[in-house]
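First residue of the sequence shown? That's 7 in our numbering, and the numbers climb one at a time after it.
Note that CB positions come from ideal geometry on N, CA and C, so glycine has one too.
None of these values were measured; they are calculated from a predicted model.
A short write-up of the structure that comes next.
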Amino acid sequence: MLSTLQQVVASTPDDEQRVRQLLAINAIFGEALPQDPEFVAAVTQAYLSLRDRGARQTVQEWVSKS
């Protein structure tokens, strides 16, 4: 599993493409979740926010939306 994750990270840009490739790992996400556009959008948005804003600001933003 670790080698699969490392390969995806090493071979993709740090953007939506990486999220799509990580979601394509069936051993983690199965087959249904990567086909759900709402799930993919939420995970992508969260990943990009963590990348761009960091954990603290991302959590604050998500909590304020609730």
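### Task
Measure the C-alpha to C-alpha separation of N32 and K71 and round it to an integer number of angstroms.
30 Å
### Message
Out of A30, Q23, D20, which one is the CA nearest neighbour of T10?
### Response
Per the C-alpha coordinates, the member of A30, Q23, D20 positioned closest to T10 is A30.
### Task
Determine the direct distance from the alpha carbon of R26 to that of V46, and round the result to whole angstroms.
8 Å
### Task
Scan the region 10-47 and note each continuous beta strand (DSSP E) run of 3 residues or more that stays entirely inside, going in chain order.
none
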